Amino acid sequence: MLILGIETSCDETGVALYDAAAGRLAAHAVHSQVAMHEAYGGVVPELASRDHIRRLIPLTRQVLRQAKRNIHDLSGVGYTAGPGLAGALLVGASFAHALGVALRIPALGIHHLEGHLLSPLLSERPPSFPFVALLVSGGHTQLMRVEGVGRYTLLGETQDDAAGEAFDKTAQLLGLGYPGGPALSRLADTGVPGRLTLPRPMLHSQDLEFSFSGLKTAVATAIKNEQPRPADLARAFVDAVVEVLVAKCLKALQSTGLKRLVVAGGVGANRQLRAALDAAASQRSFEVFYPEPELCTDNGAMIAFAAALRLPQEASGEARFTVKPRWDLEG
Ligand code: KG4
Ligand code: ZN
């Protein structure tokens, strides 16, 4: 079984081949649109859709060449059906279904967050079920209980901004460009810890909910009133976000009684977060699992992999052509 994975939910065109028989990734390629959107300070949906159209065929040819496989070797296609930008999702859905019809193979819509959630299973040291998953991306911040493929329970999520969104908005306030998460993280490394303190939103709430929009306001206020060194402000911001994320992960592990934590999504690539979680894990004797760094942000590999796990369970029949710009993972 060779499965093609297509990711076009936002500003990355991701294409990958997962060899289900060998149980490994055969090839993957990502084209990032960051340079194109940078001038606008954020993703322009119409430009994103048009660029996905331009990239999909060349990237598909590229991964087939890399894996030394032929298009007729494909036995299924997985594509991101949501959540994401409607126009961008439709590009991937159309491409996947067209291939499905032409090659007489199934095309299956995959939940973007399920892709992220399962991506650590592609790493050298994969976690076993059940586990707690922290999903931290540009659009989502959620804690989930994961019993197995397709068995997800939402434990808590952000009430407003996502963690990645808070990183990006703070980076923008500091003039670090878009998306500013990685640059903000690097700048924080050179800041003095504790020179500035920012609020820890909902740190002591008894639930597993998050809130990050107030933090962005606190950053704006600090810039206006205190004119801090950008590096010190970056440090204060990263320390606040990391402390809240780690505390809620610990709470989720405690309340579920589970001993395995999986971190996924773009912010999962953050060095400070990983260091803090690793330290907590060795102290409190639980295990933490991360995707390979290149598979933290959006990619086709996670979609190909989720499709490979799901396709054997899918009832054959008429393929449903659908995208869901908004879509709960539990559903
Ligand atoms: O998962 P992802 O690629 O796309 C979404 O599904 O949203 O996540 C992108 C987000 C952006 O907000 C980006 O700034 C953030 O992940 N990000 C980081 C780092 N790398 C990516 N945030 C903090 N530190 C990083 N190293
Ligand atoms: Zn994502």
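Throughout the sequence shown, residue numbering follows the numbering used here, covering 21 to 351 in sequence.
Ideal Cβ positions, reconstructed from N, Cα and C, are used throughout, including at glycine.
All values derive from a computational prediction rather than experimental measurement.
- The C-beta distance from residue 102 to residue 271 rounds to 29 Å, too long to fall under 8 Å, and the pair is not in contact.
- Considered as a whole, the segment 180 to 268 harbours 183 to 193, 201 to 208 and 233 to 246 as its complete alpha helix (DSSP H) runs of no fewer than 4 residues, in chain order.
- Annotation: residue 348 is outside any beta strand (DSSP E) and is labelled neither H nor E by DSSP.
- Of all alpha-carbon atoms in 275, 230 and 35, the one lying nearest the alpha-carbon of residue 264 is that of 230.
- Here DSSP, grouped into helix, strand and coil, assigns residue 66 to helix.
- Distances taken from the Cβ of residue 201 to the heavy atoms of ligand 2 include none shorter than 7 Å.
- By the Cβ-count criterion, residue 268 is buried, with 16 or more other Cβ atoms from all chains shown falling within 10 Å of its own Cβ.
- Residue 78 has its alpha-carbon roughly 26 Å from the corresponding atom of residue 330.
- Here residue 159 carries a coil assignment [DSSP, helix/strand/coil].
- Per the coordinates, the alpha-carbon of residue 283 lies some 11 Å from the alpha-carbon of residue 141.
- For residue 205, the distance from the CB to the nearest heavy atom of ligand 1 is below 7 Å.
- Closest option to residue 172, judged by alpha-carbon separation, among 134, 219 and 130: 134.
- The three-state secondary structure of residue 21, taken from DSSP, is coil.
- Note on residue 57: 16 or more other CB atoms within 10 angstroms of its CB, so buried under the neighbour-count rule.
- The closest heavy atom of ligand 2 lies 7 Å or more from the beta carbon of residue 259.
- In the DSSP assignment, residue 35 falls within the beta strand (DSSP E) that extends over 32 to 39.
- Beta bridge pairing from DSSP links residue 306 with no other residue.
- Under the three-state reduction of DSSP output, residue 52 falls in the strand class.
- Short note on residue 132: C-beta closer than 7 Å to some heavy atom of ligand 2.
- A Cβ-Cβ contact shorter than 8 Å links residue 232 with residue 178.
- Exclusion of residue 209 from the 7 Å shell around ligand 1 follows from its C-beta lying no nearer than that to any non-hydrogen atom of the ligand.
- Annotation for residue 287 indicates a beta carbon within 7 Å of some heavy atom of ligand 1.
- Under a 10 Å Cβ-count criterion, residue 237 is classified as exposed, with fewer than 16 other Cβ atoms of the shown protein chains found around its own Cβ.
- Residue 244 counts as exposed, since fewer than 16 other C-beta atoms from the protein chains shown sit within 10 angstroms of its C-beta.
- The Cβ-Cβ distance between residue 279 and residue 246 does not fall below 8 Å.
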